[in-house]
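Peer 1: Below you'll find the structure I mean.
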Amino acid sequence: MSDATGIVVALQANYLEVELDSAPEGVPPRLLCTRRTRLSHRGEVVHVGDRVVVEAIDSVQGRAVVARVDARSSLLSRPPVANASTVVVALAVEQPGFDPDQASRFLLTAERTGLAVELLLTKADLVSRDHLEALQVRLQGWGYAPIAVSSRTDEGLDRVRQRLSASPLTVVCGPSGVGKSSLLNRLMPHLALRVGAVSGRLQRGRHTTRHVELFPLAEGCRVADTPGFNRPDLPDEPREFALLFPELRHQLDPWPCRFRDCLHRAEPGCGIRRDWERYDLYTTGLEELSKLSRSSRAG
Ligand SMILES: Nc1nc2c(ncn2[C@@H]2O[C@H](COP(=O)(O)OP(=O)(O)OP(=O)(O)O)[C@@H](O)[C@H]2O)c(=O)[nH]1
Ligand SMILES: [Mg+2]
Ligand SMILES: [Zn+2]
Numbered sequence: 001m002s003d004a005t006g007i008v009v010a011l012q013a014n015y016l017e018v019e020l021d022s023a024p025e026g027v028p029p030r031l032l033c034t035r036r037t038r039l040s041h042r043g044e045v046v047h048v049g050d051r052v053v054v055e056a057i058d059s060v061q062g063r064a065v066v067a068r069v070d071a072r073s074s075l076l077s078r079p080p081v082a083n084a085s086t087v088v089v090a091l092a093v094e095q096p097g098f099d100p101d102q103a104s105r106f107l108l109t110a111e112r113t114g115l116a117v118e119l120l121l122t123k124a125d126l127v128s129r130d131h132l133e134a135l136q137v138r139l140q141g142w143g144y145a146p147i148a149v150s151s152r153t154d155e156g157l158d159r160v161r162q163r164l165s166a167s168p169l170t171v172v173c174g175p176s177g178v179g180k181s182s183l184l185n186r187l188m189p190h191l192a193l194r195v196g197a198v199s200g201r202l203q204r205g206r207h208t209t210r211h212v213e214l215f216p217l218a219e220g221c222r223v224a225d226t227p228g229f230n231r232p233d234l235p236d237e238p239r240e241f242a243l244l245f246p247e248l249r250h251q252l253d254p255w256p257c258r259f260r261d262c263l264h265r266a267e268p269g270c271g272i273r274r275d276w277e278r279y280d281l282y283t284t285g286l287e288e289l290s291k292l293s294r295s296s297r298a299g
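Residue numbers (the working numbering): 1 to 299.
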């Protein structure tokens, strides 16, 4: 049996699930694969979203071996997804309540990929219109145009479908319990993904989704459901840090500061405004990063 190309749609323990671009006759479209030992020796990690070449296809058992991984166009490290074209950050308006520090950590991590970043405000049915609009305006100040959605009322569903359909591979990430899997179930009702109730004083999610998996939304268009987690690390490069804030990035072109290496704290001739909500978060984040890099140099 000859080789075939495909995309890794899920990982489970030692196996990769690969969906073939076009299955040769008699071969199932989805194969359970192991990795060539050569790959593991070279320390090549295979991620969901990776494009691969499979060989040694066993069409009866639906098995094959991944022989090669193509170069990636992008890599989101947490949750790990390769070759995404869009990152959707899903944050709930309530249950769990909106937390600006957590929201920023997710957004900064997403911005770091350099990909298009979309912001969804989930569970819009749980708050009043005024509350929702105020939050949307606030997030516009962060440089985003958040889409309000509800898997209860289907508000915003068509807009989300439209956005996702324009992107070959969208990763949906966010804290546990914000309704990522519920939303994918509304978009693709045949999926019947497991969802879990939120609990406790903080109405946190219970880490219901355990693995990253890609699902087909339309021809040539896939969406990744991912396990929620609660506190992404800050990106670790101080000089890039400013570029991860859209509302600051917009101010930096053309460069408004006297010095090329200005970090926009209190440097002479710094030309950025200070009257934006996340300015303090930017400066304290920068402080945290430089402490980290000092301690790693010392160590
Ligand atoms: N009121 C309301 N509840 C929702 C909505 N979407 C999801 N929920 C509820 O929120 C809870 C968590 O939903 P999930 O879809 O499991 O959340 P998740 O983001 O996939 O969580 P993890 O898999 O743990 O990361 C469930 O009880 C859902 O029924 C919504 O739009 N409105
Ligand atoms: Mg889930
Ligand atoms: Zn500056």
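The beta carbon of each residue, even a glycine, is placed where N, CA and C say it ideally should be.
Quick caveat: nothing in here was measured; it's all calculated off a predicted structure.
In chain order, what residues of the same chain lie with their CB nearer than 7 Å to the CB of S165, ignoring the 5 residues before and after it?
Peer 2: Within the same chain, S165 has close Cβ partners L217, A218, C221.
Peer 1: For R204, which beta-bridge partners are listed by DSSP?
Peer 2: DSSP lists S199 as partners of R204.
Peer 1: Shortest alpha-carbon distance to G300 belongs to which of N83, S77, S40, R38?
Peer 2: What is shown of the chain runs 1 to 299, which leaves residue 300 out entirely.
Peer 1: Return the residue from the list T209, K180, D70 that minimises the CA-CA distance to A90.
Peer 2: Comparing Cα positions, the closest option is K180.
Peer 1: Below 9 Å between beta carbons: does that hold for V93 and A124?
Peer 2: In contact: V93 and A124 (Cβ atoms closer than 9 Å).
Peer 1: In three-state DSSP terms, what is Q61?
Peer 2: In this structure, Q61 counts as coil in the three-state DSSP scheme.
Peer 1: Quick one: does the C-beta of P238 sit closer than 8 Å to a heavy atom of ligand 3?
Peer 2: No.
Peer 1: Run the CB neighbour count on R206, radius 10 Å, all protein chains shown included, and call it buried at 16 or more, exposed below.
Peer 2: Per the 10 Å Cβ criterion, exposed.
Peer 1: Thinking P79 and V178 are a contact (beta carbons under 8 Å), I'd like their distance in whole angstroms, please.
Peer 2: Between V178 and P79 the Cβ distance is about 14 Å, and since that is not below 8 Å, they are no contact.
Peer 1: Can you check DSSP and say which residues form a bridge with E111?
Peer 2: The partner list for E111 (beta bridge, DSSP) is empty, contrary to what the question assumes.
Peer 1: Could you have a look at T37 and say whether DSSP puts it in helix, strand or coil?
Peer 2: Helix, per DSSP.
Peer 1: Out of T34, D70, G196, V149, state which residue places its alpha-carbon closest to the alpha-carbon of R186.
Peer 2: Ranking the options by Cα distance to R186, first place goes to V149.
Peer 1: Considering only the alpha carbon of each residue, which of S85, R30, E25 lies closest to V9?
Peer 2: The candidate whose alpha carbon is nearest that of V9 is R30.
Peer 1: Comparing alpha-carbon positions, which option in G285, R201, P256 lies nearest R273?
Peer 2: R273 has its Cα closest to that of P256, out of G285, R201, P256.
Peer 1: Return the chain-ordered list of same chain residues with a C-beta closer than 6 Å to the C-beta of L85, the five sequence neighbours on each side being excluded.
Peer 2: At residue 85 the sequence reads Ser, which differs from the Leu that was named. For S85, where only same-chain residues beyond five positions count, the Cβ hits under 6 Å are S167, P168, L169.
Peer 1: For V27, which option in A56, T122, D233 has the closest C-alpha, if you only look at C-alpha atoms?
Peer 2: Ranking the options by Cα distance to V27, first place goes to A56.
Peer 1: Three-state secondary structure (DSSP) at V8?
Peer 2: Residue state, collapsed to three classes: strand.
Peer 1: According to DSSP, is R260 part of a helix, a strand, or is it coil?
Peer 2: Correct three-state label for R260: coil.
Peer 1: With a cut-off of 8 Å on the beta carbons, I'd call G174 and F106 a contact; round off their distance for me.
Peer 2: About 6 Å; that satisfies the 8 Å criterion.
Peer 1: Tell me where the alpha helix (DSSP H) around T137 begins and ends.
Peer 2: Reading the sequence as shown, one finds Val at residue 137 and not Thr. Start and end: 129–140.
Peer 1: Output the boundary residues of the beta strand (DSSP E) element that contains L119.
Peer 2: It spans 116–122 - the beta strand (DSSP E) in which L119 sits, taken as one unbroken run.
Peer 1: Measuring straight from C-alpha to C-alpha, what distance separates E288 and R63?
Peer 2: Distance between the alpha carbons of E288 and R63 is about 48 Å.
Peer 1: Give me the residue from Y15, G143, R129, R51 with the minimum Cα distance to R249.
Peer 2: Nearest of Y15, G143, R129, R51 to R249, Cα basis: G143.
Peer 1: For the 8 Å Cβ check, are there 3 or more pairs between the segment 182–200 and the segment 152–165?
Peer 2: Yes, the segment 182–200 touches the segment 152–165.
Peer 1: Could you check whether the segment 227–241 touches the segment 30–48, counting it as contact only if at least three pairs of C-beta atoms, one from each stretch, sit closer than 8 Å?
Peer 2: Counting Cβ pairs under 8 Å, fewer than three are found: no touch.
Peer 1: Measuring alpha carbon to alpha carbon, tell me which residue in L286, F98, C262, Y282 is nearest S176.
Peer 2: For the residues L286, F98, C262, Y282, the minimum Cα distance to S176 belongs to F98.
Peer 1: Nearest-angstrom Cα distance between V127 and N230?
Peer 2: Going from the Cα of V127 to the Cα of N230 covers about 22 Å.
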